[in-house]
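Colleague: Got a structure for you, questions after.
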Amino acid sequence: MSALTRDPSVSPVRRALALLGPLRDADLVVVAAALGLTGVGVVAIHSAKAASLAAQGLPATFYTGRQLLAAGIGLVVMVAAALIDYRRLRPLIPFAYLGSLLLLVLVLTPLGTSVRGSQRWITLLGQQIQPSELMKVALLLGLAMLFHETEGIPGLGRTLLAVGLTLIPMALVFAQPDLGTSVTYLFLTGVVLLVSGTRVRWLLLLAVAGIGAFLAALRTDLIRDYQLERLTGFLGADAPDADLTGALFQTRQSMIAIGSGGTYGRGLLEGTQTALAFVPDNHTDFVFTVIGEELGFVGAASVLGLFAVLLWRALRIASQALDRDAMIVASGIGGLLIVQVFVNVGMNVGLMPVTGLPLPFLSYGGTSLISWLGMTGLLLNVHLRSRQGLIGGRW
Amino acid sequence: MTRGMVVPDVQERTTVLRLAFLGGLAALLLAALLARLWFLQVLAGDRFAALADSTRLRTVVSAAPRGHILAADGRELVRNRPALALVADRQRLVDDAGRPRDDESARVVGRLAVLLGLDEEEVLDRINDRRYSPFRPVPVAVDVGEAVLLTLRQNQELFRGVGTDTIPVREYPEGDLAAHLVGYLGQISRDELADPAFADYRGGDLVGRGGLEQAYESDLRGRGGQQVLVVNRRGAVIDVQSDRAAVPGLDLVTWLDLDLQRAVEEALAEGIVASRSILRTDGRLLPSTAGSAIVLDARTGGVMALASFPSYDPREFVGGVSVAYWERVNDPEQFQPLTNRPIAGQYPPGSVFKVASGAAMVEAGLVGPSTRVGCPASYTAADVTFRNWNPVAEAPMDLATALKRSCDTYFYDLSFRLWQQEQRQDEPDEVLQAVARRFGFGQRLGIDLPGEQAGVVPSRAWRREFWLRYREGYCERAEAAAPGSLGRELLSDLCRFGGLWRGGDAVNLSIGQGDMLATPLQVAAAYQAIANDGVLMRPTVGRELRSADGALVRSIDPEPLGDLGLTDAALRALRVGLERTVMEPGGTAVGAFAGFPLGEVPVAGKTGTAERDPRVPYAWFAAYAPADAPEVVVVVSVEEGGGGSQTAAPIARRILEHHFGIERVGLAGFVPGPEILD
Chain A
84 MSALTRDPSV SPVRRALALL GPLRDADLVV VAAALGLTGV GVVAIHSAKA ASLAAQGLPA
144 TFYTGRQLLA AGIGLVVMVA AALIDYRRLR PLIPFAYLGS LLLLVLVLTP LGTSVRGSQR
204 WITLLGQQIQ PSELMKVALL LGLAMLFHET EGIPGLGRTL LAVGLTLIPM ALVFAQPDLG
264 TSVTYLFLTG VVLLVSGTRV RWLLLLAVAG IGAFLAALRT DLIRDYQLER LTGFLGADAP
324 DADLTGALFQ TRQSMIAIGS GGTYGRGLLE GTQTALAFVP DNHTDFVFTV IGEELGFVGA
384 ASVLGLFAVL LWRALRIASQ ALDRDAMIVA SGIGGLLIVQ VFVNVGMNVG LMPVTGLPLP
444 FLSYGGTSLI SWLGMTGLLL NVHLRSRQGL IGGRW
Chain B
3 MTRGMVVPDV QERTTVLRLA FLGGLAALLL AALLARLWFL QVLAGDRFAA LADSTRLRTV
63 VSAAPRGHIL AADGRELVRN RPALALVADR QRLVDDAGRP RDDESARVVG RLAVLLGLDE
123 EEVLDRINDR RYSPFRPVPV AVDVGEAVLL TLRQNQELFR GVGTDTIPVR EYPEGDLAAH
183 LVGYLGQISR DELADPAFAD YRGGDLVGRG GLEQAYESDL RGRGGQQVLV VNRRGAVIDV
243 QSDRAAVPGL DLVTWLDLDL QRAVEEALAE GIVASRSILR TDGRLLPSTA GSAIVLDART
303 GGVMALASFP SYDPREFVGG VSVAYWERVN DPEQFQPLTN RPIAGQYPPG SVFKVASGAA
363 MVEAGLVGPS TRVGCPASYT AADVTFRNWN PVAEAPMDLA TALKRSCDTY FYDLSFRLWQ
423 QEQRQDEPDE VLQAVARRFG FGQRLGIDLP GEQAGVVPSR AWRREFWLRY REGYCERAEA
483 AAPGSLGREL LSDLCRFGGL WRGGDAVNLS IGQGDMLATP LQVAAAYQAI ANDGVLMRPT
543 VGRELRSADG ALVRSIDPEP LGDLGLTDAA LRALRVGLER TVMEPGGTAV GAFAGFPLGE
603 VPVAGKTGTA ERDPRVPYAW FAAYAPADAP EVVVVVSVEE GGGGSQTAAP IARRILEHHF
663 GIERVGLAGF VPGPEILD
C-alpha cells in the first residue's frame, strides 16, 4: 500500500480512490471475459423467461433484476478479493472452510430449502443462498493453505488430509443430493493435488480408489436409480424411439433446442423452444440452450471461446504466481471452470448426464455468480502480486 | 512465509509441466464440446429444426359440413344432422393384434358389449375397424339412446377409453325418396386412400357412394379446416400458427320435383305389383320383377324424376351399413335393389326403338315419310319367316301409321332391303346403326350419376368381335351336341358363320330386338330429342351449385349432345305417328289412355314389348306431353312385365296425370291396359 492511503491530511475520497490504485495493473482480459460472460448470461436469462413472465403477468425484469443485483454484489466482492492482499487473507481461510461446512450441515437440517427433491438452499438474512457454491471457494482456499506450507513434494499425510478435507463437504453435498457439485469437488481436489506436485503414482492410486468407490457405490443404494438412469440414459436421447417421458426428456428437448439454432441461430428472443419452455430450467442449468437456439453455433462457440480465454488466463496467472498457495488457487479456479463448463455444456448437448450444476457466470443464481466473480477477484489478486504484477512495478 | 520466497527450479519446472497438462486436458474437453456443437447445429441443424417444429406444433383437423342436395324448388332431399356417437380410443383399448390391451381394457369392452347389446367380438370388430385412422376415436355406435349416454356419463371410470362425440350424419327429410338418385356415404376404402385422386382424404373420411353423393363428391365435400397450434411442453395451446377454417360443401340444386318423384315411385311400385296379378295366355302370372321410370324436362334434358324398383333405404347407410342389409340390396334373388335400373339396366328396347329405325329408313332413301309399305302378318326373308305381332294383315301404311300400329313387318321389309343394299357396298354405310347412335343409343350419355351403361347397337364390326370372342365355345358345344339335332345345326352354323351380319340380324335390329340393348335413360333421351325438335340433350340431374349461404357458385347448363339430323318431314312423321299411337283409334296405347283428357293434354307415345326368350317380354312405354308443346318426357320399363300397352303405359299415364294435375275420377289404384298390343 502506498503512503498516500495512510496520510491523514489527504481527503478520505482521494484515499479511497487511491485504494483502488492497484486495479490499474489488473488483468483486463480476465475482467472483460468475466463481465462479458455475466452479460451474456443476463441476456439469455431474460430471453428464457420473457415469455413465461409475460404470461404470468410478472415484470420482465423479475429474474434479470435479481441477477443484475447479484452481479453488482459480485463486482464489489471481486474488487475486494482483488485488492486485499491474499497473504492477509490466509488466517481467515480455516474460518471460511468451517463456516461453509456449517452451512452445508444446516442445509440438510429442516432449515434448508428443498426444490424438486434436492435440498440445496438455505435462507440467510432474507436471501436464499447455495452453500455448496461457497464451499467450492472455501475448499479451494483450504487446500491451497494446506499445500502452501509444504516444501517440495507433498507427503502422504498432507495428501490424505487433503482427501479428507474434500470428502467431508463432498458427502454433505452428495446427501442433498447434488451429484454434479460433489463430483466438482473431487475434480477440484484432483487438480490441486496435480499442481501441488503430488507424486504421479499417488494420483493414479487415488484415481483408481475413486473409481473403485464409485463402482462399489453402484452396488449399494448410495446412488439412486434415477441418478443411474440419468448417468446412462442420456446416451440414447437422440434415438428415434427414445422414451421421452423419463430422464431423457430434458436432454432430448435441450438437444432439439440447441440443434434447431443452426449455424447462426434464430435471433435473440426468437427462440421458439426457449419461449415455449420446452427445455425445463432453461434459465439455470440449461441456460446454454437459449444461447444455442437463439445465437446458433456462432454464439455458442463464442461463449465457449470466452471460457477458453478465462481458462488460459487462469493457468497463465498460476504459472506466474510467486507463492505456492497463489499458484494453487489460480489453477484450482481454472480446474473448477473447466469441469463446470464441460459438465454443464456437456449435459446441454447430450454428451454428459443430467446433473445439477450451473454454468459459471451465466446460469441464474446469485450465490454461483457472486462466488464466480469472487474467484475472478482472487485471480486478479494473484496476478497483481505475481511476477507480472511486480514487473509492472507501481506497487 | 515471506514475499519473494524462491521456489526451487525443479519444483517450478514440474509445476509448469503439470499446469500444461491441465491446460491440455481443458483444451481437449472444450474441443469435444465444440465438435458436438458443430454436429448438432451445423451438420444436423435442419433435422433438429424440423424436430423442434414437430414438438411445438399440433395440427387439428375439423370436418367440413357436407353440402345438401335440394330439389328444383329448394326443398331439401338430403341434409345433415348432428348425431351422438360412442367413440373408442383404439390405441388405449386394444393392442396391435386387435385384442384387449390389458385386463381393464377387456372389462371395458365387456361392459360396452352389455351396454350396446352386442357381443364382445362385435364390439372388438368395430373398435378394430381398419377404415378408421388409429389416431382418431373410432365410432362404435352412432345414434345411441339417451339411456346409454347417461349410463356412460355417470360411470366414466368404468368406461376408460370410451367417450362421446357429435358427428354430422346424413339426414333424409323425405325418407327413402329418390334413394338411387341420392346414393349414400361410406367409409373411404384402403384402395381409394392409395389413389392420387383421393390425396386429400384421410382414413375414416366419408366418401359419396352411388348417386349424386358420388357424382358431386368434390363439390359436396367441402374442404376440411386445419388449425396448426403452437403448444408448450405441457401441451397447452400458446398460439395459433395458421388457421384455415372449414369450407362447407356446396349445396347441389337438382332438377328434381319431389312431389313428382314420389308420384313416380308410387306409380311404378303400384303398377308393377298390380301387374303381377295379370294372367298371361300361357296361364302364368306376369312376373314383373323390376322396373324403371324416368321423367325428363323435354327442353333441357333435366331429370325431374327417376325411379328404380325395387328400391332401398339410404338411411340404413347412415353411420355404416350392416352386412345383412348390404347383402340384401345386392342379392340377385331380391333383384338387386341397389342397382339403379334407369341408367344401369340394359334391355332390348323393342318397338320403342322404331322411331330410330323409321328415321333411318327415310334417311337411307328407301321411303319418304308418306310412302306406303305393306304390313302383312308375316315377312319371309332368306327362308326365315318373321311374324308381325298382329296375326291379321293390315293395309299398306306410311311411317306415322306404322308407328301407330307398331307394325313389325313394315320395318322388316325396309330393313332387309337396306341390308341387301349395304351388303353390296365395299364399306357398308350402316345407316340404321348410325341413326341409332344419333338418337343416343350405344353410348353413355354422360348423365351426372355413376354406373351408367352404354347399351349395344349391334353392327358388322360388333358382330365380328363378339363372334371372335365366343367362337370357340360355339364350336365346342356344336361338337358335343347330338348329331342331327337342331342345336347342333344352330351351333355349328354359329361356329362357322357367327361373325357375319346377316339379313336376320338387320330384321331384328329394326324393331329393337336381337342383340340391341338400351338403357331406359337412352330411350328417354331419344324421345326427348324428338320432342325437342331433333336436338338430343345430355340428361342431367344437377342444375346448379350454391354455397352454404345460398350464393350461386356454378350453374350446370343444359348441354346439347347433337342433332338427330332428320328432315322436318321425317321428324314430323315420327311425331304424328307417336301422337296417333296414343290418341287415334287403333293406336297401340289408346286403350291405356282411355278417359285421359287428351283434349287438354295431348300425349304422344310409343309402346314396346321386347322379347327376350325364354323370359316373359319386357314392357316399355315412352311418351312426351303435351304433344304439341312438349314439357316432359316419360319413360317406363318393366322387366318381364309383358306388353308395353298392358303394364308400362298405365304407369306412364299415372305419372302424366300427376304432373298435369289430372284428377282420376272414380278410378282408384292401378288399371292395367285392356289387352296386349304391340
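Protein chains in written order, with our numbering: chain A, 84 to 478; chain B, 3 to 680.
Glycine is no exception: its CB is placed at the ideal position from the N, C-alpha and C atoms.
Computed from a predicted structure; not experimentally measured.
(1) The ligand SAH heavy atoms versus the CB of residue 372 (chain A): any closer than 8 Å?
(2) Going by CA-CA distance only, name the one from A:276, A:300, A:455 that's closest to residue 243 (chain A).
(3) What's the C-alpha gap between residue 322 (chain B) and residue 355 (chain A)?
(4) Take the Cβ of residue 328 (chain A) as the centre, count every other Cβ of all protein chains shown within 10 Å, and call the residue buried at 16 or more, exposed below.
(5) So, helix, strand or coil for residue 302 (chain B), using DSSP?
(6) Would you kindly work out how many angstroms separate the C-alpha atoms of residue 324 (chain A) and residue 218 (chain B), rounded to a whole number?
(7) Rounded to a whole number of angstroms, what is the C-alpha to C-alpha distance between residue 34 (chain B) and residue 123 (chain B)?
(8) Three or more C-beta pairs under 8 Å: does that hold for the segment 300 to 318 of chain B against the segment 237 to 255 of chain B?
(9) Is residue 397 (chain A) closer than 9 Å to residue 462 (chain A) when the C-beta atoms are compared?
(10) Please confirm if the segment 83 to 94 of chain B is in contact with the segment 262 to 278 of chain B, defined as three or more CB-CB distances below 8 Å between the two stretches.
(11) Is the CB of residue 161 (chain B) under 9 Å away from at least one CB in chain A?
(12) Please list, in chain order, the residues of the segment 381 to 404 of chain A that have any C-beta partner in chain B closer than 8 Å.
(13) Am I right that residue 428 (chain A) and residue 380 (chain A) are in contact with their C-beta atoms under 8 Å? What's the rounded C-beta distance?
(14) Taking the C-alpha atoms as reference points, what is the distance between residue 165 (chain B) and residue 114 (chain B)?
(15) Between residue 105 (chain B) and residue 158 (chain B), what straight-line distance do the alpha-carbon atoms span, to the nearest angstrom?
(16) Write down the C-beta distance between residue 528 (chain B) and residue 357 (chain B) rounded to the nearest angstrom, noting that I regard them as a contact closer than 8 Å.
(17) If the criterion is Cβ atoms closer than 9 Å, does the pair residue 525 (chain B) and residue 639 (chain B) meet it?
(18) Residue 542 (chain B) lies in the alpha helix (DSSP H); which residues open and close that run?
(19) Could you give the uninterrupted runs of the alpha helix (DSSP H) lying entirely in the segment 105 to 148 of chain B, keeping only those of 4 residues or more?
(20) List the residues of chain A whose Cβ lies closer than 7 Å to the Cβ of residue 40 (chain B), in chain order.
(21) At a CB distance below 7 Å, what residues from the segment 107 to 135 of chain A approach chain B? Give them in sequence order.
(22) Would the segment 326 to 337 of chain B and the segment 190 to 208 of chain B be scored as touching if the rule is three or more Cβ pairs under 8 Å?
(23) Cβ atoms of residue 114 (chain A) and residue 101 (chain A): under 9 Å apart, would you say?
(24) Would you kindly work out how many angstroms separate the C-alpha atoms of residue 498 (chain B) and residue 433 (chain B), rounded to a whole number?
(25) For residue 36 (chain B), go through chain E and note every residue whose CB falls closer than 7 Å to its CB, in chain order.
(26) Just how far apart, CA to CA, sit residue 220 (chain B) and residue 68 (chain B)?
(27) Ends of the alpha helix (DSSP H) at residue 267 (chain A)?
(28) Does the beta carbon of residue 246 (chain A) come closer than 9 Å to any beta carbon on chain B?
(29) For the segment 480 to 553 of chain B, which segments carrying the beta strand (DSSP E) assignment without a break, of at least 3 residues, lie completely within its bounds, in sequence order?
(30) Is the beta carbon of residue 359 (chain A) less than 9 Å from the beta carbon of residue 233 (chain B)?
(31) Rounded to whole angstroms, what is the Cα-Cα separation between residue 167 (chain A) and residue 174 (chain A)?
(32) For residue 368 (chain B), collect the residues of the same chain with a Cβ closer than 7 Å to its Cβ; drop the 5 residues on either side in sequence, then sort them by chain order.
(33) Looking at the secondary structure, which residues open and close the beta strand (DSSP E) in which residue 228 (chain B) lies?
(34) By the 10 Å Cβ neighbour count, where 16 or more other Cβ atoms means buried, how is residue 147 (chain A) classified, buried or exposed?
(35) Within the same chain, show all residues whose beta-carbon is closer than 6 Å to that of residue 622 (chain B), passing over the 5 residues directly before and after it, in chain order.
(36) Quick one, are the C-beta atoms of residue 20 (chain B) and residue 209 (chain A) less than 9 Å apart?
Modeller: Based on what the coordinates show:
(1) Of ligands this structure carries none, so the ligand SAH is not represented either.
(2) A:276
(3) 44 Å
(4) Residue confidence for residue 328 (chain A) is low, a pLDDT of 49 falling below 50, so the modelled location carries little weight; the figure read from the coordinates is stated next. The residue is exposed, with fewer than 16 neighbouring Cβ atoms inside 10 Å.
(5) coil
(6) Because residue 324 (chain A) carries a pLDDT of 46, less than 50, the predicted location of this residue cannot be relied on, and no value is offered for it.
(7) 58 Å
(8) no
(9) yes
(10) no
(11) no
(12) 383, 384, 387, 390, 391, 394, 395, 398, 401, 402
(13) The pair is not a contact, with the Cβ atoms about 13 Å apart (cut-off 8 Å).
(14) 11 Å
(15) 17 Å
(16) 7 Å
(17) yes
(18) That residue, residue 542 (chain B), is in no alpha helix (DSSP H); it is neither H nor E in DSSP.
(19) 105 to 118, 122 to 129
(20) 380
(21) none
(22) no
(23) no
(24) 27 Å
(25) Here chain E cannot be found, since the structure's protein chains are A and B.
(26) 10 Å
(27) 262 to 278
(28) no
(29) 537 to 539, 544 to 548
(30) yes
(31) 13 Å
(32) 416, 419, 420
(33) 227 to 233
(34) buried
(35) 352, 354, 610, 639, 646, 650
(36) no
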